[in-house]
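The sequence shown lines up with residues 9 to 192 when you count with this note's numbering.
Using N, Cα and C, we set each Cβ at its ideal position, and we do this for glycine too.
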Amino acid sequence: MAMSGSGYRDAAEKTKTLAHHENDKRKRILVVYDNELNLALLKQLLEVHGYEILETPEGLGAIDIARNERPDLILMDIRLPDICGLEVTRLLKHDEQTKAIPIIAVTALATPEYEKKGLESGCDAYIAKPITLGNLLRTIESFLSSVPSAVGSLHIDRFPMSNDRYQVASGPEGAALDALRGIK
Numbered sequence: 009m010a011m012s013g014s015g016y017r018d019a020a021e022k023t024k025t026l027a028h029h030e031n032d033k034r035k036r037i038l039v040v041y042d043n044e045l046n047l048a049l050l051k052q053l054l055e056v057h058g059y060e061i062l063e064t065p066e067g068l069g070a071i072d073i074a075r076n077e078r079p080d081l082i083l084m085d086i087r088l089p090d091i092c093g094l095e096v097t098r099l100l101k102h103d104e105q106t107k108a109i110p111i112i113a114v115t116a117l118a119t120p121e122y123e124k125k126g127l128e129s130g131c132d133a134y135i136a137k138p139i140t141l142g143n144l145l146r147t148i149e150s151f152l153s154s155v156p157s158a159v160g161s162l163h164i165d166r167f168p169m170s171n172d173r174y175q176v177a178s179g180p181e182g183a184a185l186d187a188l189r190g191i192k
């Protein structure tokens, strides 16, 4: 069956319209990270998985973006140049406009003391670096899925490194690394 020139245009328009509607449904994540390389890496990884990314390297900027843009979730570094990420979290959780936005701390500060401070400040989850892509995506999805997650079901990755590099693992190798680390 041959398609006329206008048939191709109609099909192209329908495809554009479908793509536009899909973009409207994409979940938006605000990434608050002052390390440019880590910010770019997180942005790229999350965009590949279908998320729309808002970004800022500063805590005070995160507050403005959260109030104005209402992201579906926030990934928050703890060490920021202008204000501690835990303080930003406290401020966002006490603000009527932003208190319902889930906040996941993603940080190299992996001691039980910092984890406790993070959760007390209002972080909904705490992921220590180096992170695995699978663990990060599972944690994000647990907050963004339409089915509420069960209380206490979040895994907290407790494998700190002194540097700021991500350890990205996916596929069979990632599953094997997760198994070695005790990640389910």
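Range of the contiguous beta strand (DSSP E) that encloses residue i
i: Tyr134; result: Ala133 to Ala136
i: Glu63; result: Glu60 to Thr64
i: Ile111; result: Ile111 to Thr115
Inter-residue Cα distance where the pair is residue i and residue j
i: Arg87; j: Leu152; result: 25 Å
i: Gly130; j: Arg34; result: 25 Å
i: Gln105; j: Thr140; result: 31 Å
i: Asp42; j: Gly93; result: 11 Å
i: Ile82; j: Thr64; result: 11 Å
i: Glu66; j: Asp90; result: 6 Å
i: Ile111; j: Met84; result: 7 Å
i: Leu117; j: Thr97; result: 16 Å
i: His57; j: Arg36; result: 12 Å
i: Tyr59; j: Lys137; result: 21 Å
i: Lys101; j: Ile109; result: 8 Å
i: Thr115; j: Gly126; result: 10 Å
i: Asn143; j: Leu49; result: 16 Å
i: Asn76; j: Gly69; result: 11 Å
i: Ile164; j: Arg146; result: Low per-residue confidence applies at Ile164: pLDDT is 42, beneath 50, and the placement is therefore not dependable, though the value from the model is reported in the following sentence. If I take the Cα positions, the gap works out to 11 Å.
i: Leu47; j: Thr119; result: 23 Å
i: Ala74; j: Ala113; result: 15 Å
i: Lys51; j: Glu128; result: 27 Å
i: Glu55; j: Asp132; result: 22 Å
i: Glu44; j: Ile148; result: 21 Å
Residue i, enclosing alpha helix (DSSP H) - first and last residue
i: Thr147; result: Leu141 to Leu152
i: Ala48; result: Glu44 to Val56
i: Gly126; result: Pro120 to Ser129
Contact check, residue i vs residue j, beta carbons under 7 Å
i: Tyr134; j: Glu123; result: yes
i: Leu99; j: Ile71; result: yes
i: Leu194; j: Pro79; result: Here the chain comprises residues numbered 9 to 192, so residue 194 is not present and cannot be evaluated.
Which of helix, strand or coil DSSP assigns to residue i
i: Arg98; result: helix
i: Leu83; result: strand
i: Ile37; result: strand
i: Asp72; result: helix
i: Glu77; result: helix
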